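To start, the structure itself, in structure tokens.
Number of protein chains: 2
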Amino acid sequence: MTALTWNDITTARERIAPFAHVTPIMTSASIDQECASRVFFKCENFQRSGSFKFRGAVNAVAALAPAARARGVVTHSSGNHGQALALAAREFGITAYIVIPENAPRVKLAAARAYGAHVVTCAPTQAAREQEAERIVRETGAVFVDSHDDPLVIAGQGTAAVELLNDAGTLDAVLVPVGGGGLISGTAIAVHHLSPTTRVIGVEPAGADDAYRGMRAGKRITNFVPNTVADGLRTSLGELNFAIIRKAVDDIVLADDEDILAAMRLIWTRMKIVVEPSSAIALVPLLTGAVRGRRIGIIITGGNVDFAGAGVGM
Amino acid sequence: MTALTWNDITTARERIAPFAHVTPIMTSASIDQECASRVFFKCENFQRSGSFKFRGAVNAVAALAPAARARGVVTHSSGNHGQALALAAREFGITAYIVIPENAPRVKLAAARAYGAHVVTCAPTQAAREQEAERIVRETGAVFVDSHDDPLVIAGQGTAAVELLNDAGTLDAVLVPVGGGGLISGTAIAVHHLSPTTRVIGVEPAGADDAYRGMRAGKRITNFVPNTVADGLRTSLGELNFAIIRKAVDDIVLADDEDILAAMRLIWTRMKIVVEPSSAIALVPLLTGAVRGRRIGIIITGGNVDFAGAGVGM
Numbered sequence: 018m019t020a021l022t023w024n025d026i027t028t029a030r031e032r033i034a035p036f037a038h039v040t041p042i043m044t045s046a047s048i049d050q051e052c053a054s055r056v057f058f059k060c061e062n063f064q065r066s067g068s069f070k071f072r073g074a075v076n077a078v079a080a081l082a083p084a085a086r087a088r089g090v091v092t093h094s095s096g097n098h099g100q101a102l103a104l105a106a107r108e109f110g111i112t113a114y115i116v117i118p119e120n121a122p123r124v125k126l127a128a129a130r131a132y133g134a135h136v137v138t139c140a141p142t143q144a145a146r147e148q149e150a151e152r153i154v155r156e157t158g159a160v161f162v163d164s165h166d167d168p169l170v171i172a173g174q175g176t177a178a179v180e181l182l183n184d185a186g187t188l189d190a191v192l193v194p195v196g197g198g199g200l201i202s203g204t205a206i207a208v209h210h211l212s213p214t215t216r217v218i219g220v221e222p223a224g225a226d227d228a229y230r231g232m233r234a235g236k237r238i239t240n241f242v243p244n245t246v247a248d249g250l251r252t253s254l255g256e257l258n259f260a261i262i263r264k265a266v267d268d269i270v271l272a273d274d275e276d277i278l279a280a281m282r283l284i285w286t287r288m289k290i291v292v293e294p295s296s297a298i299a300l301v302p303l304l305t306g307a308v309r310g311r312r313i314g315i316i317i318t319g320g321n322v323d324f325a326g327a328g329v330g331m
Numbered sequence: 018m019t020a021l022t023w024n025d026i027t028t029a030r031e032r033i034a035p036f037a038h039v040t041p042i043m044t045s046a047s048i049d050q051e052c053a054s055r056v057f058f059k060c061e062n063f064q065r066s067g068s069f070k071f072r073g074a075v076n077a078v079a080a081l082a083p084a085a086r087a088r089g090v091v092t093h094s095s096g097n098h099g100q101a102l103a104l105a106a107r108e109f110g111i112t113a114y115i116v117i118p119e120n121a122p123r124v125k126l127a128a129a130r131a132y133g134a135h136v137v138t139c140a141p142t143q144a145a146r147e148q149e150a151e152r153i154v155r156e157t158g159a160v161f162v163d164s165h166d167d168p169l170v171i172a173g174q175g176t177a178a179v180e181l182l183n184d185a186g187t188l189d190a191v192l193v194p195v196g197g198g199g200l201i202s203g204t205a206i207a208v209h210h211l212s213p214t215t216r217v218i219g220v221e222p223a224g225a226d227d228a229y230r231g232m233r234a235g236k237r238i239t240n241f242v243p244n245t246v247a248d249g250l251r252t253s254l255g256e257l258n259f260a261i262i263r264k265a266v267d268d269i270v271l272a273d274d275e276d277i278l279a280a281m282r283l284i285w286t287r288m289k290i291v292v293e294p295s296s297a298i299a300l301v302p303l304l305t306g307a308v309r310g311r312r313i314g315i316i317i318t319g320g321n322v323d324f325a326g327a328g329v330g331m
């Protein structure tokens, strides 16, 4: 396992500074009242490409040696990582090959193309995605950038928590959505360095509970079929991510789809910001009372919603 | 006609400062590109009560003599003005009586109640609303606060444009949605004082084009049946509003519902903020090319959307 430390996060901060936004922190008096906490929302929905994934992607691209980078980058991601890598590649004037299952929401294909990526569709299976990405690496020499199981990606994602702690001050806990584990592993490293008494708690869909079960079983669980509205959290934990989570994450709690959607509507209605279901999940434990604390940080991971597909009739 | 000047707006600024937010200005590189303009969005969707209406309402309530204020305030508004007046009354610990048609979106009733208002429902006609409000004034001594045809309300609404010009710098034009005319008349007074070369352009639904036709006819048009998705803009212009608009507004342009909804989805998708159709309308002339300019200000009036009613299936 690659060792990953606070130094990697400070290096990532310097590397991404010319590209990424320092996103705002928002608060809501009425949500505070419902949660009986002071809640600090780190708004990565306002990050470039619409999610925190840009931090990790641009860190990975910027860290490549120029000769390797010139051959381009490739990933298979139906979602935010694909868009983020496409934008990161565009910043460096290189090609991003994004392998996307043919049944992905059209907003995601369109967004990757809008960022200038070379989009390759494939059958909607993990095997087909991996094979297609391997073929592109073989034929073009492009560098594969994983969405979460990559130390540079993890270090980049950890920079959001640094900004959160710098701006919000002391926090009792930071709540983070868990999918592949890139964000929570970077967050755990950052928070435990900067504020060792702040708890890092992952929130995972009940229908994709591999981190929850893996923590309890003491081994990584990969053989499961996700079933959740939080489409960004269907991925299983990576190896590096699982190792960091076991060591540095205080707890994983679950949220069911109904509560995720209620939290999303609450954020839209009260805060007037667009957040994905995969973001809103982090608020659920505060609304249900599963997690309590005086001052809580939440990373709002992204705001890429397919309004046409979601049936917004207006 | 009550004379209304720049002094009324500076007084309003001082009066509302302890209550209202100075809302942020947002920009979007991708929307700038589509419009071939630098567009500054004054985000009143982040204003307290979810719309700019709080500025006028709290100015009107704060200006009342304490003895009169103690008897409460009343208005008939199915929408944002009702919520704004409810919140303004709560700030002063007085009763707000809000008359709402029984067929109004439930989010609006719930919001007025959540702000502690005494909500009175009535038949969905203008006459029923006015009669009910008059009855409450008669029986309680509460002060009626109109949503737009009131100098204190207009002066309060004008404060948003002051902040916009202060923060964004020189602008070629400011685009403002037109309903009852409270916002655009306050905006026109503020902009023409601070930046006489900046054009003030109203944007009105094609299905509620009383300001557009009234400007051309030289008289206020009140006898029309609105038909537009922009529910906040169905009101007809007030007398005071029409007088100010004739004198100080450079142009009124129209937008049809299809373009309004497309602009709303564009703002939601690109900027990750929740805006009402009645807000998004102001972007339409830039997207269609009806209005052009190098630097344009847009007042995003509010973000109160009934997500349940809108059929957001997610």
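Residue numbers (our numbering), protein chains in the order written: chain A, 18 to 331; chain B, 18 to 331.
Even glycine gets a Cβ: it sits at the ideal position worked out from N, Cα and C.
The model shown is predicted, which means the values in this text are computed figures rather than measured ones.
Which residues in the same chain as residue i place their Cβ atom closer than 7 Å to its Cβ, once the five residues preceding and following it in sequence are excluded?
{"i": "A297 of chain A", "result": "I277, A280, M281 and I284"}
{"i": "L104 of chain B", "result": "R65, S66, F71 and Y132"}
{"i": "D25 of chain B", "result": "P168 and A172"}
{"i": "T176 of chain B", "result": "I26, A29, R30, I33 and R72"}
{"i": "M18 of chain B", "result": "Legend: pLDDT at M18 of chain B = 46, less than 50; position of this residue unreliable, no value from coordinates given."}
{"i": "T215 of chain A", "result": "L188, D189, A190, V191 and V208"}
{"i": "A13 of chain B", "result": "There is simply no residue 13 of chain B to check, as chain B begins at 18 and stops at 331 in what is shown."}
Leaving out five residues on either side along the sequence, give the residues of the same chain with a beta carbon under 6 Å from the beta carbon of residue i.
{"i": "L169 of chain A", "result": "N76, A77 and A80"}
{"i": "I238 of chain B", "result": "D227, R230 and G231"}
{"i": "A113 of chain B", "result": "V90, L102, A103, A106 and A134"}
{"i": "E108 of chain A", "result": "F36"}
{"i": "S45 of chain B", "result": "R287 and M288"}
{"i": "L211 of chain B", "result": "L182"}
{"i": "A272 of chain B", "result": "V220, I298 and V301"}
Checking the sheet assignment: what are the DSSP bridge partners for residue i?
{"i": "A113 of chain A", "result": "A:V90"}
{"i": "H135 of chain B", "result": "B:Y114"}
{"i": "L271 of chain B", "result": "B:E221"}
{"i": "C60 of chain A", "result": "A:I317"}
{"i": "A190 of chain A", "result": "A:R216 and A:I313"}
{"i": "M43 of chain A", "result": "A:F58"}
{"i": "F161 of chain A", "result": "A:V91"}
{"i": "S68 of chain B", "result": "B:G319"}
{"i": "I261 of chain B", "result": "For I261 of chain B, which the question treats as bridged, DSSP gives no partner whatsoever."}
{"i": "I290 of chain B", "result": "A:I290"}
Taking its Cβ as the centre, do 16 or more other Cβ atoms sit within 10 Å of residue i, making it buried, or is it exposed?
{"i": "V242 of chain A", "result": "exposed"}
{"i": "T22 of chain B", "result": "exposed"}
{"i": "S94 of chain A", "result": "buried"}
{"i": "E180 of chain B", "result": "buried"}
{"i": "N97 of chain B", "result": "buried"}
{"i": "Q100 of chain B", "result": "buried"}
{"i": "Q174 of chain A", "result": "buried"}
{"i": "E119 of chain A", "result": "exposed"}
{"i": "P222 of chain A", "result": "buried"}
{"i": "E61 of chain B", "result": "buried"}
{"i": "P294 of chain A", "result": "buried"}
{"i": "G314 of chain B", "result": "buried"}
{"i": "G73 of chain B", "result": "buried"}
{"i": "T187 of chain B", "result": "exposed"}
{"i": "N321 of chain B", "result": "buried"}
{"i": "G249 of chain A", "result": "buried"}
{"i": "G110 of chain B", "result": "exposed"}
{"i": "R311 of chain A", "result": "exposed"}
{"i": "D323 of chain B", "result": "buried"}
My guess is that residue i and residue j are in contact by the Cβ rule of under 8 Å, so how many angstroms apart are they, rounded?
{"i": "V162 of chain B", "j": "V90 of chain B", "result": "5 Å"}
{"i": "S164 of chain B", "j": "T245 of chain B", "result": "Not a contact, Cβ separation roughly 17 Å."}
{"i": "V193 of chain A", "j": "L200 of chain A", "result": "6 Å"}
{"i": "G319 of chain A", "j": "T252 of chain A", "result": "14 Å between Cβ atoms; not a contact."}
{"i": "D316 of chain A", "j": "F69 of chain A", "result": "It is Ile, not Asp, that sits at residue 316 of chain A in the sequence shown. Contact flag correct, Cβ pair sits at about 7 Å."}
{"i": "C139 of chain A", "j": "R130 of chain A", "result": "About 16 Å separates the two Cβ atoms, so there is no contact after all."}
{"i": "V160 of chain A", "j": "R263 of chain A", "result": "That pair is no contact at about 28 Å."}
{"i": "I290 of chain B", "j": "V291 of chain A", "result": "6 Å"}
Excluding sequence positions up to five away, which residues of its chain have a Cβ less than 8 Å from the Cβ of residue i?
{"i": "E31 of chain B", "result": "none"}
{"i": "V137 of chain A", "result": "Y114, I115, V116, I117, E149 and I153"}
{"i": "V217 of chain A", "result": "A190, V191, V193, I201, T204, A205, V208, H209, A265, V266 and D267"}
{"i": "R309 of chain A", "result": "A53, S54 and L303"}
Given 8 Å, three or more beta-carbon pairs between the segment 257-270 of chain A and the segment 223-237 of chain A: yes
Contact between the segment 119-127 of chain A and the segment 38-56 of chain A (3+ Cβ pairs under 8 Å): no
Touch test, the segment 50-57 of chain A against the segment 141-154 of chain A, Cβ-Cβ under 8 Å, three pairs minimum: no
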